[in-house]
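Sequential numbering from 0 applies to the sequence shown in numbering that gives the first Met the number 0. Working notes, beginning with the structure itself.
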Amino acid sequence: MLQTLVGLIALSLCSSVFAGKAHREAKKELGANIAAATSAIGTACGSKPKVTVDWKAFDKVKNDKIREVKSNIGHELNYVGEQAKAFCSDADSKALFKSNAKAIEISVTEGDPETTFAKGRFVIKTSSQMNSGGYKFKAILDEW
0 MLQTLVGLIA LSLCSSVFAG KAHREAKKEL GANIAAATSA IGTACGSKPK VTVDWKAFDK
60 VKNDKIREVK SNIGHELNYV GEQAKAFCSD ADSKALFKSN AKAIEISVTE GDPETTFAKG
120 RFVIKTSSQM NSGGYKFKAI LDEW
């Protein structure tokens, strides 16, 4: 009985260590995507809004969904960079982007993907199932 209990405790500790490792490795890889998106936006639009990922929400992702969520977050970051480049095609658009877009945050949701914009801050919510939140980023830019 004691050996079984010790074994279960050891197994529990090992799985939590691996869970932390999977999240850490994904965060490290996504750091490159954040830098690339920030650079693409800065080059295209002449300003670099703060681009972040909601790591608290990301840390709640179960291990079996990390790969999908990481991929979707990476997609959203790439898409934001591409859409900012497309939007900032002239001086007026660049000025508009520069004066309005102060922050872009990618978050993880259990619900439907969505993008909101308020007070200079975009929040793009993605999930392990879908990553279409960024498409609404383009729709918001198009409204400007």
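Don't be surprised by glycine CBs; every beta carbon is placed ideally from N, CA and C.
Length of the line joining the Cα atoms of residue i and residue j
| i | j | result |
| --- | --- | --- |
| Ala100 | Val122 | 11 angstroms |
| Gly19 | Gly30 | 16 angstroms |
| Ile56 | Ala138 | Per the sequence shown, the amino acid found at residue 56 is Ala instead of Ile. Cα-Cα distance, rounded: 25 angstroms. |
| Phe86 | Ile72 | 21 angstroms |
| Phe116 | Asp63 | 31 angstroms |
| Ser106 | Ala90 | 31 angstroms |
| Ile33 | Val50 | 6 angstroms |
| Ile103 | Phe96 | 12 angstroms |
| Tyr78 | Asp58 | 23 angstroms |
| Ala36 | Thr114 | 17 angstroms |
| Ala39 | Glu142 | 21 angstroms |
| Ala25 | Pro112 | 20 angstroms |
| Ser179 | Thr108 | With the chain represented from 0 up to 143, any question about residue 179 goes unanswered, as that position is not in the structure. |
| Lys84 | Gly45 | 10 angstroms |
Reduced DSSP secondary structure (H/G/I, E/B, other) of residue i
| i | result |
| --- | --- |
| Glu109 | coil |
| Lys124 | strand |
For residue i, the first and last residue of its enclosing alpha helix (DSSP H)
| i | result |
| --- | --- |
| Lys97 | 90-99 |
For residue i: DSSP bridge partner residues
| i | result |
| --- | --- |
| Ile103 | Val50, Phe121 |
| Phe136 | For Phe136, which the question treats as bridged, DSSP gives no partner whatsoever. |
- For the region 37-88, which segments carrying the beta strand (DSSP E) assignment without a break, of at least 3 residues, lie completely within its bounds, in sequence order? 49-52
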